[in-house]
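Under UniProt numbering, the first residue of the sequence shown is numbered 1, with each subsequent residue one higher.
Here's the structure we're looking at; comments come further down.
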Amino acid sequence: MRVFPYLLARIGGGSYEHLTQVDYRELSTRTACLITRRNEKQRLKEQLCAHLFECIKNLPDQKIQNQVQNLRRDIFNQRPVKPQVLATAKPHLPAVLTSEVDEYLVFAAELQAETERAAAIYEQFLYTGRRHLQQLAHDENLQKGLVLSSQSLLNALKDYARQDPDSFRKKEFQTEQSLLKYITRMYTKTSPFSTFNNLALGTLGSLPGKAIQIDANPDTENSVVGHIRLNNNLFKYLKDLFTASKEIYPHLLLRANPTIAQEQDQYVYLTNHNNVDAFQRIPASPVLGLVLQLVQANPAGIRFGALAEEICEYVDAPAENIQSYLRQLTGYGFLEFDLGVSGTDPDWDLKLLDQLAYLAQQQVSHMAALTETLQYIRQQSSQYAQATVPERQRILNEVYQRFRNICMKLHEAAGLPEIERKTPEELQAEWLNSQKEAAHQQKENGRQAGETVLVVEKVGPAKSKEVIFEHKSSTYFSFKPEQLFYEDSIREAAVQVDAEKLSQLVQNLFGLLQEMRPFRGMADEQELMFSYFKKKYGAGSRVNLLQFYEDFYREIKKPEAEWLAKKQQALTGKDNNLLQTNPDEGVDNSAQAELNKELNPGLLTSEQLSQSGQKNKAWFQKMVAALPEISSEGINQVDLSLDFIRQVNQTPFIPAPESVGANSYGAFVQLYQEQDETGEWQLKGVLNASLAGYGKMLSRFLYILPKEVTQTVRGWNSALQPQNSLFIENGDASYFNANLHPPLMPAEIRIPGGHNSLPVAQQFPVSDFEVRVDEPAGEIQLFHKETGQRSYVFDLGFQGHSGRSQLFQLLDKFTRAEYLFSYPVVSAVNAAVEPNTVNINTEAANPEPQLIIRPRIVYQNQLVLQRKGWYVPKELIPKRQPDMSDWSYFLAINEWRQSHGIADEVYVTISQNRQQTGIDPELTKKLGRDDYKPQYINFNNPLLAHLFEKLLTKVPHTLKIEEMLPYSPDLLKINNQRFVTEFVVQWYN
Numbered sequence: 001m002r003v004f005p006y007l008l009a010r011i012g013g014g015s016y017e018h019l020t021q022v023d024y025r026e027l028s029t030r031t032a033c034l035i036t037r038r039n040e041k042q043r044l045k046e047q048l049c050a051h052l053f054e055c056i057k058n059l060p061d062q063k064i065q066n067q068v069q070n071l072r073r074d075i076f077n078q079r080p081v082k083p084q085v086l087a088t089a090k091p092h093l094p095a096v097l098t099s100e101v102d103e104y105l106v107f108a109a110e111l112q113a114e115t116e117r118a119a120a121i122y123e124q125f126l127y128t129g130r131r132h133l134q135q136l137a138h139d140e141n142l143q144k145g146l147v148l149s150s151q152s153l154l155n156a157l158k159d160y161a162r163q164d165p166d167s168f169r170k171k172e173f174q175t176e177q178s179l180l181k182y183i184t185r186m187y188t189k190t191s192p193f194s195t196f197n198n199l200a201l202g203t204l205g206s207l208p209g210k211a212i213q214i215d216a217n218p219d220t221e222n223s224v225v226g227h228i229r230l231n232n233n234l235f236k237y238l239k240d241l242f243t244a245s246k247e248i249y250p251h252l253l254l255r256a257n258p259t260i261a262q263e264q265d266q267y268v269y270l271t272n273h274n275n276v277d278a279f280q281r282i283p284a285s286p287v288l289g290l291v292l293q294l295v296q297a298n299p300a301g302i303r304f305g306a307l308a309e310e311i312c313e314y315v316d317a318p319a320e321n322i323q324s325y326l327r328q329l330t331g332y333g334f335l336e337f338d339l340g341v342s343g344t345d346p347d348w349d350l351k352l353l354d355q356l357a358y359l360a361q362q363q364v365s366h367m368a369a370l371t372e373t374l375q376y377i378r379q380q381s382s383q384y385a386q387a388t389v390p391e392r393q394r395i396l397n398e399v400y401q402r403f404r405n406i407c408m409k410l411h412e413a414a415g416l417p418e419i420e421r422k423t424p425e426e427l428q429a430e431w432l433n434s435q436k437e438a439a440h441q442q443k444e445n446g447r448q449a450g451e452t453v454l455v456v457e458k459v460g461p462a463k464s465k466e467v468i469f470e471h472k473s474s475t476y477f478s479f480k481p482e483q484l485f486y487e488d489s490i491r492e493a494a495v496q497v498d499a500e501k502l503s504q505l506v507q508n509l510f511g512l513l514q515e516m517r518p519f520r521g522m523a524d525e526q527e528l529m530f531s532y533f534k535k536k537y538g539a540g541s542r543v544n545l546l547q548f549y550e551d552f553y554r555e556i557k558k559p560e561a562e563w564l565a566k567k568q569q570a571l572t573g574k575d576n577n578l579l580q581t582n583p584d585e586g587v588d589n590s591a592q593a594e595l596n597k598e599l600n601p602g603l604l605t606s607e608q609l610s611q612s613g614q615k616n617k618a619w620f621q622k623m624v625a626a627l628p629e630i631s632s633e634g635i636n637q638v639d640l641s642l643d644f645i646r647q648v649n650q651t652p653f654i655p656a657p658e659s660v661g662a663n664s665y666g667a668f669v670q671l672y673q674e675q676d677e678t679g680e681w682q683l684k685g686v687l688n689a690s691l692a693g694y695g696k697m698l699s700r701f702l703y704i705l706p707k708e709v710t711q712t713v714r715g716w717n718s719a720l721q722p723q724n725s726l727f728i729e730n731g732d733a734s735y736f737n738a739n740l741h742p743p744l745m746p747a748e749i750r751i752p753g754g755h756n757s758l759p760v761a762q763q764f765p766v767s768d769f770e771v772r773v774d775e776p777a778g779e780i781q782l783f784h785k786e787t788g789q790r791s792y793v794f795d796l797g798f799q800g801h802s803g804r805s806q807l808f809q810l811l812d813k814f815t816r817a818e819y820l821f822s823y824p825v826v827s828a829v830n831a832a833v834e835p836n837t838v839n840i841n842t843e844a845a846n847p848e849p850q851l852i853i854r855p856r857i858v859y860q861n862q863l864v865l866q867r868k869g870w871y872v873p874k875e876l877i878p879k880r881q882p883d884m885s886d887w888s889y890f891l892a893i894n895e896w897r898q899s900h901g902i903a904d905e906v907y908v909t910i911s912q913n914r915q916q917t918g919i920d921p922e923l924t925k926k927l928g929r930d931d932y933k934p935q936y937i938n939f940n941n942p943l944l945a946h947l948f949e950k951l952l953t954k955v956p957h958t959l960k961i962e963e964m965l966p967y968s969p970d971l972l973k974i975n976n977q978r979f980v981t982e983f984v985v986q987w988y989n
């Protein structure tokens with residue numbers, strides 16, 4: 001096992017000291033003291049009321065009993081005791097009880113005075129906190145990031161920053177909430193975006209006495225350097241304009257769809273548009289055969305006009321008809337325009353300039369102007385990276401107007417609809433006018449007819465016909481100025497991690513992940529594909545990849561998607577009879593069985609499925625049983641070792657983990673250093689995620705790192721390639737900026753409409769592959785038909801599978817990369833802690849809501865696998881009462897969180913996934929697009945406590961709270977200031 005020599009450090013955009021300049025310790029101390037005193041008052045109250053109750057029972061006269069009872073009621077309900085009530089009750093109390101009443105009332109009065117003093121201090125800190133937030137609003141790195149993220153907030157900050165907090169109105173409070181989210185993102189998160197968060201390249205070295213060392217330029221303001229690239233959706237828009245223009249597309253290259261195959265009297269092929277796959281069938285004809293022959297004779301492409309001219313030599317038809325026919329073929333995806341530019345290339349604009357030079361030579365209108373515009377934008381992007389905030393806004397607006405102007409000229413020259421050239425503001429104004437006119441006309445018609453007029457459009461029955469999948473791109477210019485650029489920023493810092501200490505940490509993690517290989521990601525899907533192949537074709541068959549894809553999708557994936565839709569419908573309550581929920585067994589019963597039949601129509605027998613489930617269940621039960629006796633009460637931390645996990649894995653249900661040999665892995669780890677009892681600094685870490693290696697999680701940022709990093713990734717990847725095999729990078733037609741990266745494998749797949757960066761000779765059409773199964777190995781395999789080489793496909797982009805095409809997702813199952821996780825171990829520990837608890841994230845939870853505490857899980861005394869967490873059902877979240885002031889709620893929320901041992905610095909998540917599956921949409925309608933992301937909260941800070949309250953209104957079902965780890969005192973330092981950091985660590989086996 002060798003650790004890759006480069007690490008990527010993701011660093012918060014500002015120091016923790018900068019965020020915490022206001023020292024809230026006095027408020028925190030007073031709050032904690034008050035909570036202790038309030039608890040003591042509660043104890044005294046209960047004791048006194050009990051004594052008064054006993055006294056009342058022994059009083060002979062009903063009138064006297066009532067007088068004492070009035071005193072007891074006031075004390076019990078914590079109402080001020082009136083002097084008259086006290087005076088009439090005291091004579092009837094024993095001396096000891098009279099003294100107890102006096103002591104309690106003195107204690108309550110002192111506590112009230114102390115509470116009022118604390119409330120005044122709270123108001124002072126609230127004011128000071130707002131002043132500090134106004135100062136943070138001036139931070140240049142914050143405002144630079146807002147130029148590309150939220151110009152509306154950036155503009156609002158001007159008024160917010162100059163207002164006195166005492167004169168804040170609704171507008172300022174709304175700005176404050178938004179600002180807090182951005183500020184905390186910048187200072188406490190490590191998700192790279194513009195200048196909110198920075199990147200630094202780390203290396204390995206020998207650090208005697210240390211584990212991590214970061215040296216940086218003391219001039220912090222000048223140590224962050226921005227790197228600007230153009231949004232790749234701009235390229236997609238230009239391509240759509242080019243292919244729609246009769247003046248431009250005759251000069252563009254055409255290539256045949258790489259999947260075309262002839263079956264009897266028709267051509268069958270796969271097409272992709274907007275990343276949606278569809279199989280097409282077109283009747284074969286002599287002309288179509290001629291077109292295909294001429295195009296395939298030019299693997300690198302033939303220009304549209306040249307192809308039309310060649311066809312005219314063989315076919316007696318007007319040139320206009322031939323061109324129209326070719327246009328139809330591109331619309332149906334039979335032929336594809338190829339600009340020779342990849343949508344995953346960070347420098348796509350420079351590559352496009354090379355293509356524009358040819359078009360300009362052909363005297364194509366506006367090509368020279370477009371060339372000048374792209375050159376201007378590239379030059380301005382360099383200035384933008386170094387510019388101040390006002391200059392950035394100016395540059396962005398100028399670039400936007402210039403780009404929009406040239407696009408509108410191209411749009412008009414292409415003869416596209418005039419309405420598409422109108423701005424959103426113009427369209428909105430026209431729509432409002434049309435609504436007014438329609439309302440006025442309806443009113444007039446109603447007057448004339450004496451009743452309201454309803455216009456109903458009749459819709460006839462749909463005709464039964466085969467649906468043809470036609471490519472229709474939108475050519476409406478919908479971009480906003482902030483969508484033109486994306487920015488990454490580098491912090492110029494020398495980051496070094498001790499090689500020996502990091503190697504030991506990675507070795508420990510690798511050992512754990514290897515033990516989890518039976519639970520590896522995609523294993524179930526690969527097993528399903530294996531079983532499907534054997535049943536459908538026979539174990540010894542060789543099946544074209546596309547044939548397998550079409551069959552597998554039609555017979556397995558499509559029914560599965562329909563099944564999931566039905567299940568989602570049932571879980572969200574739209575069809576309560578579809579599924580019944582049993583709190584002890586989860587979703588089951590006969591309706592579930594019927595859905596299972598639809599999902600699994602005899603391809604995997606129930607016996608096979610139950611065996612697989614039983615193996616997992618047996619391991620899970622053994623793991624839970626092997627854990628020391630732990631319960632949810634009072635447990636903070638569970639310590640695990642590799643030896644312990646290996647002992648659990650010694651079971652006949654779980655095969656011994658066998659390494660696949662040469663492979664690459666990676667992880668997101670928040671590294672920190674901690675001194676042991678000898679004073680030696682030890683390397684520690686919090687595991688945020690484990691993933692595949694091969695440069696996958698470096699790829700997005702390679703364009704701003706030294707070239708040797710990319711070269712090293714390629715070299716180490718090639719070194720893992722077995723003899724007589726192919727390493728191929730996966731791809732599809734997705735336009736997603738996080739996928740931008742240079743090629744990292746020696747070859748890449750070519751799919752319809754996909755992105756390719758390598759030369760044509762290194763592009764392998766998807767139709768060149770076939771599928772086989774290896775029965776002894778129990779796996780499905782991919783082979784290159786012509787060479788017979790075993791082929792491995794790698795996903796090296798950032799985009800999640802949900803946004804990828806179905807073909808991309810299928811190809812990814814033929815990878816050598818492994819997705820190994822610690823989740824099975826973590827889940828077993830949580831099950832041991834909460835044995836009587838079912839799913840806490842959906843409405844299938846116990847009728848009695850429970851606050852669940854999950855412990856911190858530490859592995860090998862070095863790696864945290866799970867932070868301590870609190871899962872709070874919505875019903876148990878403390879709500880502000882109508883009579884509560886800000887101070888009262890601040891005190892109440894801190895009293896609540898301390899009663900459950902909730903840390904003062906935490907991250908809260910109000911919704912645990914993007915899709916919100918399994919939850920009634922009515923409960924999620926308040927959620928924003930980023931509400932699945934953890935939000936930093938410090939309960940000692942009045943402003944963040946208030947933000948916490950605002951977030952609570954959005955919680956659909958359960959609030960997740962996790963401790964901040966590493967703790968703020970353990971954050972790594974740069975120039976003696978603490979920064980939140982996270983490392984991308986990669987290793988090769």
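Positions of the beta carbon are idealized from the N, C-alpha and C atoms, including for glycine.
In this text, all values refer to a predicted model and were calculated from it rather than measured experimentally.
- For Ile852 against Glu834, the beta-carbon gap comes to about 5 angstroms, under 8 angstroms, which counts as contact.
- Look at Arg491 here: in three-state DSSP terms it is strand.
- The three-state secondary structure of Tyr182, taken from DSSP, is helix.
- In the DSSP annotation of this structure, the continuous segment of the beta strand (DSSP E) that includes Asp215 starts and ends at 212-216.
- In the three-state reduction of the DSSP assignment, Arg867 falls in the coil class.
- The alpha helix (DSSP H) runs of length 4 or more contained entirely in the region 918-958 are, from start to end of the chain, 921-924, 942-952.
- For Pro390, the three-state secondary structure derived from DSSP is helix.
- Looking only at Val268, Ala945, Lys926, the smallest Cα-Cα distance to Trp887 is reached by Ala945.
- Residue pairing of Lys684 in beta bridges, as defined by DSSP: Tyr672.
- Phe510 carries a helical assignment under DSSP once its states are collapsed to helix, strand and coil.
- The alpha carbon of Val287 has as its nearest neighbour, out of Tyr267, Lys960, Glu420, the alpha carbon of Tyr267.
- When DSSP states are grouped into helix, strand and coil, Ala256 belongs to the strand group.
- Checking the DSSP bridge columns, you'll see Tyr988 partnered with Arg2, Ser664.
- Less than 8 angstroms divides the Cβ of Leu702 from the Cβ of Pro742.
- Note: Asn198 is bridge-paired with Ile11, Ser489 in the DSSP secondary-structure output.
- Judged by pairs of C-beta atoms under 8 angstroms, the region 114-123 touches the region 882-897, as three or more such pairs exist.
- Taking the Cα positions, Leu642 is about 28 angstroms away from Ser968.
- Using a Cβ distance threshold of 8 angstroms, Leu671 and Gly685 count as a contacting pair.
- Taking the Cα of Pro5 as reference, the smallest distance to any Cα among Thr203, Phe168, Glu26 is reached at Thr203.
- Distance from the CA of Arg554 to the CA of Glu560, rounded to the nearest whole angstrom, comes to 10 angstroms.
- Judged by beta-carbon spacing, Met522 lies beyond the 8 angstroms limit of Ala828, meaning their Cβ atoms are not closer than that value.
- For the region 493-570, the continuous alpha helix (DSSP H) assignments of 4+ residues that do not extend past its boundaries occur at 499-515, 523-537, 545-552, in sequence order.
- Around the beta carbon of Phe125, 16 or more other beta carbons lie within 10 angstroms, which makes this residue buried.
- In the displayed model, Arg327 falls within a helix according to three-state DSSP.
- Counting along the chain, the unbroken beta strand (DSSP E) around Val638 starts and ends at 637-640.
- Cα atoms of Glu674 and Ile212: separation of roughly 10 angstroms, rounded to the nearest angstrom.
- As DSSP reads the structure, Pro873 sits in a beta bridge with Thr958.
- Every candidate alpha helix (DSSP H) stretch fails here, since none sits fully inside the region 43-69 while reaching 4 residues.
- Around Thr175, the same chain offers Ala156, Tyr160 as residues with beta carbons nearer than 6 angstroms, after the five sequence neighbours per side are excluded.
- Under a 10 Å Cβ-count criterion, Ile228 is classified as buried, with 16 or more other Cβ atoms of the shown protein chains found around its own Cβ.
- Take Ile395, set aside five residues on each side of it, and the residues of its chain with a beta-carbon closer than 7 angstroms to its own are Gln380, Gln383, Tyr384, Ala387, in chain order.
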